[in-house]
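K.L.:
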Amino acid sequence: MQMQKIGTVEGTKAVISKYPFAFQKKFGQNFLIDPRVLDKIIDSANITKEDCVIEIGPGIGSVTQQLIEHAGKVISIEIDDQLIPILTEQFGDCDNFRLIHKDVLKVDLQKLIQEESPNRKIKVVANLPYYITTPIIMTLLENQLNIESITVMVQKEVADRLASKPGSKQYGAITVSVNYYSDTYLVANVPRNCFMPRPNVDSAVIQLRLHDEPPVKVGNVKQLFKIIKAAFLLRRKTLLNTLAAHGELGLEKDKLKELLDESGIGAQTRGETLSIEDFARLSDYIDAHR
Ligand code: SAM
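The sequence shown begins at 0 in numbering that gives the first Met the number 0 and counts up one residue at a time.
Set out below in structure tokens:
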């Protein structure tokens, strides 16, 4: 007998009325109840039996149910105690499902992947808890986890920021950092009424496709990220002023001015107009001439 779809109004109500469950606002719990959005997520992630999918925050299993059907292996990581018996009862018998009861930011993902699925391509699919969207995305990008793509529901505002171009209002340190690791695509805008309970913001599904090689070669990657962070510290200030205010680069203001001007970037430029290529050029120039 086929299981009822969880990611619908009726399916979600049926599951939560069966268990002693109360929504936890602190965990960003807004469950997806629109099957069309679910289909878009699964289709765009192009999940096959060759894939191992890591899902962050399975909730009562709306997305999980679809992932188990399509993927070779599904590893779902959930923090909330209340959800563990629900997920175990529903999916515990599925051979390709593994549930980790933990805060995702405390999981050693490298070890987990190595133990659970060393030979499959890794894809991340999630309706993310919005209060920790940025740390989750940066952890996934920075840790060389052999991830092919990250398809996630985020706040619309975050999606706009990640897909923004240099010079726009939304462009920020997170945009440039994400650009170093991946290309960002907007999969779908998702209105707030697709969730239970209804959140106060609209959402969007985005896909980050990770580069095999970074788009820029840079000598000192740590310094590159320091510069990116510093460049957006004081918005609407010149690059010279914001880099000097940050101080972590360990350069006097006069020397910084000289390096910015000589590198061709320009001391009076603003950080929000620079692309990842510009930042890489500046970082290498500083390295070579400091
Ligand atoms: N995937 C489900 C869906 O689409 O209906 C639930 C998505 S809900 C937006 C976010 C989920 O992430 C919740 O189940 C919540 O308990 C879980 N969560 C929140 N913080 C977490 C953390 N630090 N680590 C792991 N899971 C977390």
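A virtual CB, placed ideally from N, CA and C, is assigned to each residue, including glycine. As the structure is a computational prediction, the values presented were derived from the model and not from experiment.
So, does the stretch 141 to 151 touch the stretch 108 to 116, judging by three or more C-beta pairs under 8 Å?
P.N.:
yes
K.L.:
Rounded to a whole number of angstroms, what is the C-alpha to C-alpha distance between Leu37 and Tyr179?
P.N.:
Between Leu37 and Tyr179, the C-alpha separation is close to 29 Å.
K.L.:
Tell me which same chain residues have a C-beta within less than 7 Å of the C-beta of Ile41, skipping the five on either side of it?
P.N.:
Gln65 and His69
K.L.:
Say the cut is 7 Å; is the CB of Val220 nearer than that to a heavy atom of ligand 1?
P.N.:
no
K.L.:
What residues are listed by DSSP as bridge partners for Asn29?
P.N.:
Paired residues: none, contrary to the question.
K.L.:
Based on Cα-Cα distance, which residue from Leu273, Lys256 and Thr272 lies nearest to Ile285?
P.N.:
Lys256
K.L.:
Can you list, in chain order, the stretches of the beta strand (DSSP E) that have 3 or more residues and sit fully within the stretch 133 to 212?
P.N.:
146 to 154, 181 to 189 and 202 to 209
K.L.:
Could you tell me which of Phe26, Val124, Met2 and Ile55 sits nearest to Val204, measuring between CA atoms?
P.N.:
Val124
K.L.:
Measuring alpha carbon to alpha carbon, tell me which of Gly246, Asp201, Asn240 and Ile136 ends up nearest Lys225.
P.N.:
Gly246
K.L.:
Using 7 Å as the cut-off, classify the Cβ of Phe30 as near or not near the heavy atoms of ligand 3, replying yes or no.
P.N.:
Within the structure as shown, ligand 3 is missing, the only ligands being ligand 1.
K.L.:
Check for me: the alpha helix (DSSP H) holding Ser61 runs from which residue to which?
P.N.:
Ser61 to His69
K.L.:
Measure the alpha-carbon distance for Ile32 versus Asn118 and round it to whole angstroms.
P.N.:
33 Å
K.L.:
Consult DSSP for Leu98 and reduce its assignment to one of helix, strand or coil.
P.N.:
Leu98 falls in the strand class under three-state DSSP.
K.L.:
Near Gly265, which residues of its chain fall below 8 Å by C-beta distance, leaving aside the five closest residues on each side in sequence?
P.N.:
Leu238 and Leu259
K.L.:
Between which two residues does the alpha helix (DSSP H) carrying Ser116 extend?
P.N.:
Neither: Ser116 is in no alpha helix (DSSP H) and is coded neither H nor E.
K.L.:
My output table needs one value for Glu77: the three-state DSSP class, helix, strand or coil.
P.N.:
strand
K.L.:
Could you tell me whether any non-hydrogen atom of ligand 1 is closer than 7 Å to the CB of Phe20?
P.N.:
Every heavy atom of ligand 1 is 7 Å or more from the Cβ of Phe20, so no.
K.L.:
In the DSSP assignment, find the unbroken alpha helix (DSSP H) run with Val220 in it and report its ends.
P.N.:
Val220 to Ala230
K.L.:
Can a CB atom of chain E be found closer than 8 Å to the CB of Gly6?
P.N.:
No chain E appears in this structure, which consists of one protein chain only.
K.L.:
Would you check if there are 3 or more beta carbon pairs closer than 8 Å linking the stretch 73 to 82 to the stretch 168 to 185?
P.N.:
Taking 8 Å as the limit for Cβ pairs, the verdict is that the stretch 168 to 185 does not touch the stretch 73 to 82.
K.L.:
Kindly list the residues whose CB is nearer than 8 Å to the CB of Lys216, restricted to its own chain and excluding five residues on each side of it in sequence; keep chain order.
P.N.:
Ala279
K.L.:
So is Pro128 buried or exposed if we call it buried at 16+ other beta carbons inside 10 Å?
P.N.:
buried
K.L.:
What do you reckon, are the CB atoms on Val189 and Ser202 nearer than 8 Å?
P.N.:
yes
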